[in-house]
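**Student:** Can you read through this structure? Questions will come right after.
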Amino acid sequence: MDVVCEIAADADRSTLDGVIEAIARERRRPIVIEGAVLPPGVCGQRRAYPDRDVIVIGTDLPNYDRTLAHELGHIVFRHDGIPIESSLRAVSDELLAYLLSERTLQSAVVDGADNDDEWEAEAFAGQLLQRLRRANTRGAARSIVSFDQALG
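Residue numbers for the sequence shown follow the working numbering, so the first one is 10 and each next one is one higher.
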């Protein structure tokens, strides 16, 4: 988390979109955000392509930023995902969303493989949004990062 906040502060970014831009630039890999109608129970998805990462966010979410930050957490922590282009050929977005949600459901319920990844991504989202709120109400992002580091 500290590294992410330092990257954002160095780039003078204090919004979620700004943090995403700074992370993409630091990684030298674009992060594209797309809206889509996703299956019930699926709020967002991270899709890894050979040349970019795509975060797909449900268009009817009550907490868009939380879901966006959560999916960014999966990227930052380099969580395994499904390699879209190698596992599926040309399919509709609806079928792709369904297949990914089924995989996530099976992993979480049957073998518990994604539990740690989901916990990490959710903890990341909460901390990032809290720090962004603090930076936007208390002053410069760089000073907030320095203060947070001093406190541990």
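Beta carbons are placed, not taken as given, at the ideal position from N, Cα and C, and that holds for glycine.
Since G44 is in the beta strand (DSSP E), which residue starts that stretch and which ends it?
**Tutor:** Taking the first residue of the sequence shown as position 1, residue 44 is located at position 35. Segment I40 to A45, the beta strand (DSSP E) holding G44.
**Student:** What span of residues does the alpha helix (DSSP H) with R75 cover, start to end?
**Tutor:** Against the sequence shown, residue 75 aligns to sequence position 66. Taken as a continuous stretch (DSSP letters only), the alpha helix (DSSP H) holding R75 covers Y73 to V85.
**Student:** For G53 and H88, which I take to be in contact (beta-carbon distance under 8 Å), what is that distance rounded to the nearest angstrom?
**Tutor:** As a position in the sequence shown, residue 53 is number 44, starting the count at 1. As a position in the sequence shown, residue 88 is number 79, starting the count at 1. That belief does not hold up - the Cβ atoms of G53 and H88 are roughly 13 Å apart, past 8 Å.
**Student:** Are the beta-carbon atoms belonging to A144 and S23 less than 8 Å from one another?
**Tutor:** One-based indexing of the sequence shown puts residue 144 at position 135. One-based indexing of the sequence shown puts residue 23 at position 14. Closer than 8 Å, so yes.
**Student:** If we ignore side chains and look at the alpha-carbon of each, how far apart do G44 and D74 end up?
**Tutor:** The sequence position of residue 44 within the sequence shown is 35, counting from 1. The sequence position of residue 74 within the sequence shown is 65, counting from 1. Cα-Cα distance, rounded: 13 Å.
**Student:** Would you kindly report the start and end of the unbroken alpha helix (DSSP H) that includes D26?
**Tutor:** Numbered from 1 along the sequence shown, position 17 holds the residue referred to as residue 26. Unbroken alpha helix (DSSP H) run through D26: L25 to R36.
**Student:** Note down the Cα distance separating T76 from R140, rounded to an integer number of angstroms.
**Tutor:** Numbered from its first residue, the sequence shown carries residue 76 at position 67. Numbered from its first residue, the sequence shown carries residue 140 at position 131. Answer to the nearest angstrom: the Cα atoms are 16 Å apart.
**Student:** Looking at I32 and V85, is the spacing between their C-beta atoms short of 8 Å?
**Tutor:** Here residue 85 refers to the residue found at position 76 when the sequence shown is read from its first residue. Here residue 32 refers to the residue found at position 23 when the sequence shown is read from its first residue. Yes; because the gap between Cβ atoms is below 8 Å, this pair is in contact.
**Student:** If I'm right that E129 touches G82 with Cβ under 8 Å, what's the distance once you round it to whole angstroms?
**Tutor:** As a working mapping, residue 129 is identified with position 120 in the sequence shown. As a working mapping, residue 82 is identified with position 73 in the sequence shown. Indeed, because the Cβ distance is near 6 Å, the residues count as touching under 8 Å.
**Student:** Whose C-alpha, out of R55, L25, V41 and E35, is nearest the C-alpha of E127?
**Tutor:** The count along the sequence shown starts at 1 and reaches residue 127 at position 118. For the residues R55, L25, V41 and E35, the minimum Cα distance to E127 belongs to R55.
**Student:** Hey, how far is the Cα of N124 from the Cα of A132?
**Tutor:** Here residue 124 refers to the residue found at position 115 of the sequence shown. Here residue 132 refers to the residue found at position 123 of the sequence shown. Cα-Cα distance, rounded: 12 Å.
**Student:** Answer yes or no: do D69 and I40 have a C-beta to C-beta separation smaller than 8 Å?
**Tutor:** Position 60 of the sequence shown, counted from the first residue, corresponds to residue 69. Position 31 of the sequence shown, counted from the first residue, corresponds to residue 40. Cβ atoms of D69 and I40: not closer than 8 Å.
**Student:** Under the rule that 16 or more other beta-carbon atoms within 10 Å means buried, what is V46, buried or exposed?
**Tutor:** In the sequence shown, counting from the first residue as 1, residue 46 sits at position 37. V46 comes out exposed.
**Student:** Between the Cα of P59 and those of N72, R34 and R38, spot the shortest distance and give me the residue it belongs to.
**Tutor:** For the purposes of this step, residue 59 is identified with residue 50 of the sequence shown, where counting begins at 1. Nearest C-alpha to P59: R38.
**Student:** Applying the 10 Å Cβ sphere with the 16-neighbour rule, what's the burial state of G50?
**Tutor:** For the purposes of this step, residue 50 is taken as the residue at position 41 of the sequence shown. It is exposed - the Cβ of G50 has fewer than 16 other Cβ atoms within 10 Å.
**Student:** Straight-line CA distance for Q136 to D26?
**Tutor:** For the purposes of this step, residue 136 is taken as the residue at position 127 of the sequence shown. For the purposes of this step, residue 26 is taken as the residue at position 17 of the sequence shown. Distance between the alpha carbons of Q136 and D26 is about 16 Å.
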